[in-house]
Amino acid sequence: MPTIEFEGETIDAETGENLRQALLDAGLSPHNGSARYTNCRGNGFCGTCAVEIVSGEVSDPAGQERRRLKLPPHSLESGLRLSCQLPVEDNLVVRKHSGYWGQNVERDGA
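In this text, residue positions in the sequence shown follow the numbering used here: the first is 10, and each later residue adds one.
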């Protein structure tokens, strides 16, 4: 059973479970501020659930995730991933950055 470290918490996830849903089920949110209420509910359209995978193995972005990450304020080069499109297959350390879309990677000093 993989674990997810996020915001000082460690939670268990089922192999293949959606990262966003695993976080929400544990009472944690991959969204900042009002994006907690104004998001696409896991459909991969808004990009507000973008997170950095600090450690752990994940597949490359594909499909809807890849299409959304090509649009501002995100980019494929940012290294961010949409938690709503990411199955948990390994132990992960996940970081949420600041900004509505969690896009402020360089400003966080991380």
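Beta carbons: idealized from backbone N, C-alpha and C, even for Gly.
Because the structure is a prediction, the values reported are computed rather than measured.
Cβ-based neighbour list, residue i, same chain, cut-off 7 Å, excluding 5 preceding and 5 following
i      : result
Asn-48 : His-40, Cys-55, Thr-57 and Cys-58
Nearest candidate by alpha-carbon position, reference residue i, set the options
i       : options                            : result
Arg-29  : His-106, Leu-95 and Leu-101        : Leu-95
Ala-71  : Ser-92, Gly-108 and Asp-99         : Ser-92
Trp-110 : Leu-78, Gly-36, Val-103 and Glu-98 : Leu-78
Glu-23  : Pro-81, Gly-36 and Pro-11          : Pro-11
Gln-101 : Val-67, Arg-50 and Gly-51          : Strictly speaking, residue 101 in this sequence is Leu, with Gln absent from that position. Cα-wise, what sits closest to Leu-101 is Val-67.
Asp-99  : Gly-88, Val-63 and Ser-87          : Val-63
Where the beta strand (DSSP E) through residue i begins and ends
i       : result
Arg-104 : 101–104
Glu-98  : That residue, Glu-98, is in no beta strand (DSSP E); it is neither H nor E in DSSP.
Ser-64  : 59–64
DSSP three-state assignment for residue i, whether helix, strand or coil
i      : result
Glu-74 : helix
Glu-86 : helix
Asp-69 : coil
Ser-92 : helix
Glu-18 : strand
Thr-12 : strand
Boundaries (first-last residue) of the alpha helix (DSSP H) holding residue i
i      : result
Ala-44 : Segment: none, Ala-44 is in no alpha helix (DSSP H) and carries neither H nor E.
Ala-31 : 28–34
Chain-order list of residues whose beta-carbon lies under 8 Å from that of residue i (same chain, five-residue window excluded)
i      : result
Val-97 : Pro-11, Ile-13, Ala-22, Glu-23, Thr-24, Gly-25, Glu-26, Asn-27, Leu-28 and Ala-31
Own chain partners of residue i with C-beta closer than 6 Å, once the 5 adjacent residues on each side are dropped
i       : result
Gly-108 : none
Asn-113 : His-106 and Ser-107
Check: residue i C-beta below 7 Å from any heavy atom of the ligand SAH
i      : result
Ala-59 : The ligand SAH is not part of the structure shown, which contains no ligands of any sort.
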